[in-house]
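**Q** Right, I'll just put the structure down here and ask away after.
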Amino acid sequence: MVRFDAVTFAYGKRPLFEGLDLVLEAGSTVGLLGLNGAGKTSLLKLGAGALFPASGLVEIFGRKPGSRSAAVLADIAFVPEDPWGPSLSPETWISRYGAFRPAMDRELFRSLLSEFAVDPTKSVAKMSYGQRKKFAVAAALASGARAVFLDEPTNGLDIPSKAQFRRALAAASSPDRVIVVSTHQARDLENLLDPVVILHGGRILCSFPASDLSDRLSVERLSSLEGQPVIYAEPDALGWTALLAKPGAGSDLELAFTAAVSRPEALRAALEGQDPGPFNPDAGAQK
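Dropping the structure here:
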């Protein structure tokens, strides 16, 4: 379990989190969504022990990541959006540093490198951004860490590489592990993320099981919004693409995220089985 309890954090005099509470259960692959500046990366770093709360408690499976002890660090893997590349080949890196992670699965690491088409003999520092990202993701997923934090893992990946990543992420999930994925590209990973947490302005705007999207909401293309239980809609070539407060075929996590930022109360109401209220397409985003 990953737990944030009444966490307060600020950059200098600029507050970001004030009393933030969040519990992420083992066995989940959590989708962390939010606009730029919402605090996604900061939350991941607090979980990984790379940042420290001003007050409150952060726990990773009952231990404080800020202690930076060897046992705690071995149980955490963090991949930043722009990962550092060591001046070592992946094969040399795993031979030299794998011992710091007692649960590291070296065969899985090598298998992921092969799946991602990463040269195990080439210096990581000389790799492209996308190849460095694949190396870092392979190291994290094979680390044996029970808490894995991935910041924008599909950035810099082409379409085939994204498919490879989805397969690897699905295989990495286990009942005793929490994987937290921060992403702007919700559609890339929509079928793998459960639950979904939406962060906005340094607070948890909403958190819901992915199953709620299909059980309570639907996406339809409509020529008119009249008489429909619209949570949020965007114009398209045929009229509207609408997120509706009724069960049906199709869901769209990216549209649900936009709805959460634009009409948070309407989305909450719909997820609770209530009327979202009238939608005004000319009103603009509600901050």
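Numbering (this note's numbering), first residue to last: 2 to 288. By construction, the Cβ of each residue, glycine as well, lies at the ideal position given by its N, Cα and C atoms.
Under the assumption that Leu21 contacts Met2 (Cβ atoms under 8 Å), give the Cβ distance between them as a whole number of angstroms.
**A** Sequence index remark: in the sequence shown, residue 21 carries index 20 (1-based). Sequence index remark: in the sequence shown, residue 2 carries index 1 (1-based). About 16 Å separates the two Cβ atoms, so there is no contact after all.
**Q** Terminal residues of the continuous beta strand (DSSP E) containing Pro277?
**A** Here residue 277 refers to the residue found at position 276 when the sequence shown is read from its first residue. Premise fails: Pro277 is in no beta strand (DSSP E) and is neither H nor E.
**Q** Could you round the C-beta distance between Gly48 and Thr184 to whole angstroms and report it? I think they count as a contact, below 8 Å.
**A** Residue numbering aside, residue 48 sits at position 47 when the sequence shown is read from its first letter. Residue numbering aside, residue 184 sits at position 183 when the sequence shown is read from its first letter. Not a contact, Cβ separation roughly 16 Å.
**Q** What's the gap between the Cα of Pro66 and the Cα of Ala118?
**A** Counting from 1 along the sequence shown, the entry for residue 66 is found at position 65. Counting from 1 along the sequence shown, the entry for residue 118 is found at position 117. C-alpha separation (whole angstroms): 33 Å.
**Q** DSSP three-state label for Asp195, please.
**A** To locate residue 195, count along the sequence shown from 1; it is residue 194. If DSSP states are grouped into helix, strand and coil, Asp195 belongs with the strands.
**Q** Among Ile95, Pro81, Arg102 and Asp276, whose alpha-carbon lies nearest the alpha-carbon of Ser70?
**A** Taking the first residue of the sequence shown as 1, we reach residue 70 at position 69. Per the Cα distances, Arg102.
**Q** How many angstroms separate the CA atom of Leu268 from the CA atom of Lys163?
**A** Taking the sequence shown and counting its residues from 1, the one referred to as residue 268 is at position 267. Taking the sequence shown and counting its residues from 1, the one referred to as residue 163 is at position 162. Distance between the alpha carbons of Leu268 and Lys163: 29 Å.
**Q** Where Gln287 and Ala187 are concerned, what is the direct C-alpha to C-alpha distance, given to the nearest angstrom?
**A** Translated into positions along the sequence shown, residue 287 becomes position 286. Translated into positions along the sequence shown, residue 187 becomes position 186. Only weak support is given to the placement of Gln287: the predicted model assigns it a pLDDT of 40, under 50, and the value that follows is read from those uncertain coordinates. Near 21 Å, if we compare the C-alpha coordinates of Ala187 and Gln287.
**Q** How would you write the range of the alpha helix (DSSP H) that Arg259 sits in, first residue to last?
**A** Numbered from 1 along the sequence shown, position 258 holds the residue referred to as residue 259. A small correction: the amino acid at residue 259 is Thr; Arg does not occupy that position in the sequence shown. Start and end: Leu254 to Ser263.
**Q** What does a CB cutoff of less than 7 Å around Lys41 pick up in its chain, not counting 5 residues either side in sequence?
**A** As a first step, residue 41 is located in the sequence shown; it is residue number 40 there, counting from the start. Leu33, Gly35, Ser183 and Leu200, listed in sequence order.
**Q** Assuming Gly240 and Ser224 make a contact with CB atoms under 8 Å, what is their CB distance in whole Å?
**A** As a first step, residue 240 is located in the sequence shown; it is residue number 239 there, counting from the start. As a first step, residue 224 is located in the sequence shown; it is residue number 223 there, counting from the start. Right, the Cβ-Cβ distance comes to about 4 Å (below 8 Å), so this counts as a contact.
**Q** Could you name each continuous alpha helix (DSSP H) segment of 4 residues or more that falls completely within the stretch 54 to 116, going from the start of the chain to the end?
**A** Entirely contained in the stretch 54 to 116, the alpha helix (DSSP H) runs reaching 4 residues are, in chain order, 71 to 75, 91 to 98 and 107 to 116.
**Q** Count the other CB atoms within 10 Å of the CB of Leu194; is the residue buried (16 or more) or exposed (fewer)?
**A** Here residue 194 refers to the residue found at position 193 when the sequence shown is read from its first residue. Looking at its Cβ environment, which holds 16 or more other Cβ atoms inside 10 Å, Leu194 is buried.
**Q** Could you check what DSSP says for Pro161 in three-state terms: helix, strand or coil?
**A** Taking the sequence shown and counting its residues from 1, one reaches residue 161 at position 160. Reduced to three states, the DSSP call for Pro161 is helix.
**Q** Indicate whether the contact test is met: 3 or more Cβ pairs, each with one atom in the stretch 9 to 17 and one in the stretch 166 to 178, closer than 8 Å.
**A** No, the stretch 9 to 17 is not in contact with the stretch 166 to 178.
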